[in-house]
Amino acid sequence: MPAVFVLLWSTGFIGAKFGLPYAEPLTFLLIRLGLVAVVLSGVALAARAPWPKSWGEAGRIALAGLLVHGVYLSGVFAAIDHGLPAGVTALIVGLQPLLTAAIAGPFLGERVSGRQWAGLLLGLAGVALVVWEKIRFDAGHVAGLALALMALLGITLGTVYQKRHGTGMDLRSGTAIQYGATAAVLAVLAPALETMQVRWTGEFVFALAWLAGVLSVGAIFLLFLLIRRGAAARVASLFYLTPPVTALIAWGLFGEQLGVPALVGMAVAASGVALVNHGGR
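If you use the numbering used here, the sequence shown corresponds to residues 69 to 349, in order.
So, in structure tokens, the structure goes:
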């Protein structure tokens, strides 16, 4: 399950590369998440899946979704759209496992061992090596930097909040609520901030279908199952493997070069994740 999750999650960055040239980021996300919300609602109703028993429970589920789907995805897409290099974005979002481990203790009562902290630092070093050749930054990237930091906080707080309040939700109805709530917010923000013009090319339709079906259903279901079954810090450490796998996919699809630092970084990141997942035993 962790390996499949990492592979599917890594393809999200490739899907964004295909789709973003044809639609602005919030508009793209609104179409994607709104579509998935409708489909999952239909699936949940047809399967007679259980729904939250109170408005409070539904609100907590929706808040987790706004953080994981809304704040994180909007931040990443908008940061790249504002010109922040993908390498810098990946490195900033790559701080998530460390930040998750730091707050998992106070909020979830989870203990992170010394070996696991070492693994988290090793994983971050590996990510830095993977994206090193693509890192560049100048004064014009300040807005993108702020958006990437927003995305980092969104996925970190969302992971912890989901672990604390959303592990008992039915994946079909609960995720439909999360996507519906996020789409409702985007329906207000997108018209206010963007032109909402879309070029319905073959590449855009493919990217939309892939991101909606494979990422927003397959990868998210796996992420929530992993959060339900494991410690937050261990689950978060899997995100260290996303940049290396994305780099391999980009090498295969687009012929992007893989230098020696990137190859070394892949091994270092994998070692860090292994240490996190076995260092507490």
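Glycine included, C-beta positions come from ideal geometry on N, C-alpha and C. Source: prediction; values computed, not measured.
Quiz item: If you run the structure through DSSP and keep just helix, strand and coil, what is Gly285?
Solution: At residue 285 the sequence reads Val, which differs from the Gly that was named. It is helical.
Quiz prompt | Contacts around Ser78, its chain only, beta-carbon distance under 7 angstroms, and the 5 residues preceding and following it disregarded | solution = Within the same chain, Cβ atoms closer than 7 angstroms to the Cβ of Ser78 are found at Thr310, Val313, Thr314 and Ile317, the five residues on either side in sequence being excluded.
Self-check item: Start and end residues, alpha helix (DSSP H) containing Glu262
Solution: For Glu262, there is no enclosing alpha helix (DSSP H), since its DSSP letter is neither H nor E.
Exercise. Using the Cα positions of Gly102 and Val210, report the straight-line distance between them to the nearest angstrom.
Key: When rounded, the distance between both Cα atoms is 30 angstroms.
Quiz item: Any idea if Met334 is buried or exposed, counting beta-carbon neighbours within 10 angstroms, 16 or more meaning buried?
Solution: Result: buried.
Quiz item: Quick one: what's got a C-beta closer than 6 angstroms to Arg349's C-beta in the same chain, skipping five residues either side?
Solution: For Arg349, the predicted model reports a pLDDT of 48, less than 50, meaning its position is unreliable and no value from the coordinates is stated.
Quiz item: Which one or two residues does DSSP pair with Ala91 in a beta bridge?
Solution: For Ala91, which the question treats as bridged, DSSP gives the partners Val266.
Exercise. Check whether the Cβ atoms of Ala275 and Gly87 lie closer than 8 angstroms to each other.
Key: In this structure, Gly87 lies closer than 8 angstroms to Ala275 by Cβ.
Quiz item: When the Cβ atoms of the segment 107-125 are set against those of the segment 237-252, are three or more pairs found closer than 8 angstroms?
Solution: Here the segment 107-125 lies against the segment 237-252, with 3 or more beta-carbon pairs under 8 angstroms apart.
Quiz item: Looking at the structure shown, is Thr235 part of a helix, part of a strand, or coil, going by DSSP?
Solution: DSSP places Thr235 outside both helix and strand once states are collapsed to three, so it counts as coil.
Quiz item: Buried or exposed: where does Ala255 fall if 16 or more other Cβ atoms within 10 Å of its Cβ makes it buried?
Solution: Burial is judged here by how many other beta carbons sit within 10 angstroms of a residue's own beta carbon; Ala255 has fewer than 16 and is exposed.
Quiz item: Expressed to the nearest angstrom, what Euclidean distance is found between the alpha-carbon atoms of Pro259 and Pro89?
Solution: Pro259 and Pro89 have their alpha carbons spaced roughly 18 angstroms apart.
Quiz prompt | Beta-carbon proximity check, Phe145 vs Ala84, cutoff 8 angstroms | solution = Yes, the pair counts as a contact, with Cβ atoms nearer than the cut-off.
Practice problem: Take the Cβ of Lys231 as the centre, count every other Cβ of all protein chains shown within 10 Å, and call the residue buried at 16 or more, exposed below. | Solution: Residue burial is scored here from C-beta neighbours: Lys231 has at least 16 other C-beta atoms within 10 angstroms and is therefore classed as buried.
Quiz item: Which class does Leu76 belong to by DSSP, given the choice of helix, strand or coil?
Solution: Here Leu76 sits in helix by DSSP.
Self-check item: Of the residues Val328, Leu261 and His233, the one placed nearest Ile295, counting alpha carbons only
Solution: With distances taken between Cα atoms, Ile295 lies closest to His233.
Practice problem: Take every Cβ of the segment 219-230, pair it with every Cβ of the segment 327-342, and state whether three or more of those distances are shorter than 8 angstroms. | Solution: In short, these stretches do not touch, since the Cβ pair count stays below three.
Practice problem: Measure the alpha-carbon distance for Glu178 versus Ala172 and round it to whole angstroms. | Solution: When rounded, the distance between both Cα atoms is 6 angstroms.
Self-check item: Nonlocal neighbours in the same chain, by C-beta distance under 6 angstroms from Leu141, ignoring five residues either side
Solution: Excluding sequence neighbours, Leu141 sits near Leu97.
Quiz item: DSSP on Gly177, reduced to helix/strand/coil?
Solution: Note: Gly177 maps to coil in three-state DSSP.
Self-check item: Straight-line gap, Ile214 to Asp149 (C-alpha atoms, nearest Å)
Solution: Going by the sequence as given, residue 214 is Ala instead of Ile. Rounded to the nearest whole angstrom, the CA to CA distance from Ala214 to Asp149 is 13 angstroms.
Quiz item: How do the segment 154-166 and the segment 185-198 stand: do at least 3 beta-carbon pairs fall below 8 angstroms, yes or no?
Solution: Result yes; three or more Cβ-Cβ pairs closer than 8 angstroms.
Quiz item: Comparing alpha-carbon positions, which option in Arg267, Ser284, Val273 and Trp268 lies nearest Gly248?
Solution: Measuring from the Cα of Gly248, the nearest candidate turns out to be Ser284.
Quiz item: Helix, strand or coil: which one does DSSP assign to Met218?
Solution: DSSP, read as helix, strand or coil, puts Met218 in helix.
Quiz item: Between the Cα of Leu197 and the Cα atoms of Asn345, Val332 and Gly226, which residue gives the shortest distance?
Solution: For the residues Asn345, Val332 and Gly226, the minimum Cα distance to Leu197 belongs to Val332.
Quiz item: By the 10 Å Cβ neighbour count, where 16 or more other Cβ atoms means buried, how is Thr235 classified, buried or exposed?
Solution: Looking at its Cβ environment, which holds fewer than 16 other Cβ atoms inside 10 Å, Thr235 is exposed.
Quiz item: Apart from the five residues on each side of it in sequence, which residues of its chain come closer than 6 angstroms, Cβ to Cβ, to Leu225?
Solution: Closer than 6 angstroms at the Cβ level, and outside the excluded window around Leu225, lie Leu135.
Exercise. Within 10 angstroms of the Cβ of Trp319, are there 16 or more other Cβ atoms? Answer buried if so, exposed if not.
Key: Under a 10 Å Cβ-count criterion, Trp319 is classified as exposed, with fewer than 16 other Cβ atoms of the shown protein chains found around its own Cβ.
Practice problem: Use the C-beta contact count for Ala71: other C-beta atoms within 10 angstroms, 16 or more gives buried, fewer gives exposed. | Solution: Burial state of Ala71 is exposed, judged by a 10 Å Cβ sphere holding fewer than 16 other Cβ atoms.
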